[in-house]
Amino acid sequence: MTHYLEFEKPLAEIEGKAEELRALARANEEMDVEQEAAGLDKKAATMLVDLYKNLSPWRKCQVARHPDRPHCKDYINALFKEYTPLAGDRNFADDHAVMGGLARLGDTAVMVIGHEKGNDTKTRIERNFGMARPEGYRKAIRLMEMADKFGLPIITLVDTPGAYPGKGAEERGQSEAIARSTEKCLQVKVPLISVIIGEGGSGGAVAFATGNKILMLEHSIYSVISPEGCASILWKDAEKMREAAEALRLTAQDLLKLGVADTVIKEPVGGAQRDRTAAIEAVGRALETTLAELLKKKPDALVKDRRKKYLDLGSKGLAA
Amino acid sequence: MNWITNYVRPTINSLFSRREVPDNLWTKCPECGTMLFHRELSENLNVCTGCDHHMALAPRERFEALFDGGIFAEIEVPAAVADPLHFRDQKKYPDRMKDARKKTGEKDAMLVVEGEIGRTSVVAAGQDFSFMGGSMGMYVGNAIIAGAERAVALKRPFILFSAAGGARMQEGILSLMQMPRTTVAVEMLREANLPYIVVLTHPTTGGVTASYAMLGDVQIAEPNALIGFAGTRVIEQTIREKLPEGFQRSEYLLDHGMLDRVTHRKDLREELITITRMLMGLPPAVMGELPKPDTNSKTDDQPDGTPAEDAKK
Ligand SMILES: [Zn+2]
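Protein chains in written order, with the UniProt record's numbering: chain E, 1 to 320; chain A, 1 to 313.
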């Protein structure tokens, strides 16, 4: 069943009507509804294009968090061969909010690391909704170190509401783990490509997304704070999330302008959740192109370029 | 810098103090309620004489007490684009900046300086919580980078005093990008084998702790400072239980292995001198009365990292 977002309600009605008609026709052989249903299909298609043409930042947030969007696991399963998960931080636990391991992109062996949100109640709880604890960041650090040692490019898939705000997470050094993970991203002498596939939530995202190239899906977001959080602090009203989403400039399009994102990957009409295969393939193509480009660079240049990218960032603001 | 400045601190202090004298000459300690006279309080580095509670200490005042003779030179910080996102909440960001500048007399939430402590040349940065909650935006990032670059150029240790609620939301993603940017600054110090010492002061939370403030070679905190990634309220709402007494406070972090030391403000100066000198391969500092230096000796710029008094021996 399609999961409709709030702003997709009118679309849901039309698509629902078309579906009902076809169900009726299946029950009554003499009924011919195809013409009417096709008309509704056409209307729905046009509406879908219109709705997604100029999504407001808040709507983008909703799409980025859409439960049916392909998640980290889906990308890994579809795009990589010989995926061999590697677990644990060798210190405390294995954090299921972070998955990662060895894999091949085409023929190239790589290290792939990402946040996994889960796709039903059971897996969401297991994955802690993609909110990593210090163990998750420390596992990522370990995998990045291994990749660096064996000269494997690193690909990170970012999709998290943020790092987990928990008692144990704080006690075990959530902030230190994030800081070290970001630091590791800046140290590795191999290409590091990050793809923001859904939600790039604050420091929890930065820890994986400090790369040579940042690719963002068309309707993904990347922000210092959630619009709801920002609204409750600055507007003193969590209901002002639309205004906050607007002000924060968190869309892939704004981030491209600001130089934070290097590439925006086009999504199928109606978002990645409407055509998961097409979205995953688009990410695959972008990854291959970007990786081929970065593999031409020498290890030291990769480190130098990555640092320069961050040092230069923001020197012009939005006017750039 | 002249040795003689060690003995003329009071006059220099008054020249440097830009902050207005508070209208109210009495401050009530938020911990124990004792009324503290402002002169007594500032002589005690804003630590309550009744209960040892460490109150906020603006970077400029902290540096006046920290550096020999209260003398330090500001390091120039490249200007940041004002209001890069044209951010507006209930108030315009430029108006918030204007208010903060007026209130503090500072440009932004980080002051970077160079000078000597115990005749040990250092670069130091101090974050100002009274400037928009010490929040980390482009300027704060620029300041840390400028400080690290200066430390590398002069081969000096870098001491950073943190105090912030986190990132500056009004700079959106650009404030978040100060996490990797400032980490690049830390990398510069690492590669030059220069000590990077962090002193966490109350409060240091959010993106600041999750970047430069947790990456020191030595991590020191002032007593009872709130230090953490997530806010206490957010955690309590998430886990639906009450957090233990002292959670996210310096002593709690020390117990959990997240800090090297918790040090009272009155002992910080001496401790920083001791640590930096050992890490820099310098002989023990001459504490107390200093011998009269050779008038021809040069004690300021020491590009090779060797303090002049040692070179003379
Ligand atoms: Zn007190």
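Cβ atoms here follow ideal geometry from the backbone N, Cα and C, with glycine treated the same way.
query, result
"Neighbour-count burial assignment, E:Pro70, 16 or more Cβ in a 10 Å radius", "buried"
"Pair within 7 Å by beta-carbon distance, E:Gln273 and E:His66", "yes"
"Of the residues E:Asn128, E:Ser181 and E:Gly270, the one placed nearest E:Thr46, counting alpha carbons only", "E:Gly270"
"Beta strand (DSSP E) segment containing A:Glu114, residue limits", "Met110 to Ile117"
"Backbone CA spacing between A:Arg190 and E:Lys309 [nearest angstrom]", "19 Å"
"Beta carbon proximity, A:Ile144 to chain E, threshold 7 Å", "no"
"Close Cβ partners of A:Ile4 (< 6 Å) along its chain, the five nearest in sequence each way excluded", "Its pLDDT being 39, under 50, A:Ile4 is placed unreliably by the model, and nothing is read from it."
"Length-filtered (3 minimum) beta strand (DSSP E) runs lying within the stretch 39-94 of chain A", "72-74"
"Residue environment, A:Gln90, which counts as buried when at least 16 other CB atoms sit within 10 Å", "exposed"
"Pocket of ligand 1 (residues with CB nearer than 6 Å to any heavy atom), chain order", "A:Cys29, A:Glu31, A:Cys32, A:Thr34, A:Cys48, A:Gly50, A:Cys51 and A:His53"
"Helix, strand or coil at E:Ala205 [DSSP, three-state]", "helix"
"Endpoints, beta strand (DSSP E) assigned at E:Ala93", "Where E:Ala93 is concerned, there is no enclosing beta strand (DSSP E), given that its DSSP letter is neither H nor E."
"Coil, strand or helix - A:Arg240 by DSSP", "coil"
"Span of the alpha helix (DSSP H), counted from its first residue to its last, around E:Arg180", "Gln174 to Gln187"
"Residue from E:Thr290, E:Val224 and E:Asp68 with nearest C-alpha to E:Ile265", "E:Thr290"
"Residue-chain proximity (E:Leu311, chain A), Cβ-Cβ < 7 Å", "yes"
"Contact under 7 Å by Cβ, E:Lys139 with E:Phe129", "no"
"Buried or exposed (CB count within 10 angstroms, at least 16 for buried), E:Gly151", "exposed"
"Per-residue burial, E:Gly200 [other beta carbons within 10 Å of its own, 16 or more giving buried]", "buried"
"DSSP three-state assignment for E:Val283, whether helix, strand or coil", "helix"
"Euclidean distance between Cα positions of E:Phe156 and E:Val195", "Here residue 156 of chain E is Thr; the residue named in the question, Phe, does not match the sequence. Their backbone Cα atoms lie some 6 Å apart in a straight line."
"Test: E:Gln158 CB closer than 7 Å to a CB of chain A", "The question names Gln, but residue 158 of chain E in the sequence shown is Val. No, because no Cβ of chain A sits closer than 7 Å to the Cβ of E:Val158."
"Opening and closing residue of the beta strand (DSSP E) in which A:Lys28 lies", "Trp26 to Lys28"
"Option nearest E:Tyr4 by Cα separation, candidates E:Thr251, E:Arg307 and E:Arg59", "E:Arg59"
"Per-residue contacts from A:Met138 into chain E (C-beta, under 7 Å)", "Gly314"
"Distance between A:Thr209 and E:Glu6 (C-alpha atoms, nearest Å)", "37 Å"
"Listed by chain order, chain E residues near A:Phe229 by CB distance under 8 Å", "Ala163, Pro165, Ala169, Glu170, Gln174, Ser175, Ile178 and Gly203"
"Residues within the stretch 80-91 of chain A neighbouring chain E, beta-carbon criterion of under 7 Å", "Val81, Pro84, Leu85, His86, Phe87, Arg88, Asp89 and Gln90"
"C-alpha gap between E:Ile154 and E:Arg124, whole angstroms", "25 Å"
"Three or more C-beta pairs below 8 Å linking the stretch 277-284 of chain E and the stretch 198-216 of chain A", "no"
"Outcome for E:Lys122 when other beta-carbon atoms lying within 10 angstroms are tallied against a minimum of 16", "exposed"
"Residues near E:Ala87 by beta carbon distance below 6 Å, same chain, minus five either side", "Asp94"
"Residues near E:Ile14 by beta carbon distance below 6 Å, same chain, minus five either side", "Leu40, Lys43 and Ala44"
"From E:Ala97, E:Trp235, E:Leu79 and E:Glu135, residue whose alpha carbon lies closest to that of E:Ser181", "E:Glu135"
"Proximity winner among A:Gly33, A:Asp267, A:Trp26 and A:Ile239, relative to E:Pro165 (alpha-carbon distances)", "A:Ile239"
"Backbone secondary structure at A:Asp304 - three-state DSSP", "Bear in mind that the predicted position of A:Asp304 carries a pLDDT of just 47, short of 50, making it unreliable; the figure below should be weighed with that in mind. A:Asp304: coil per DSSP, three-state reduction."
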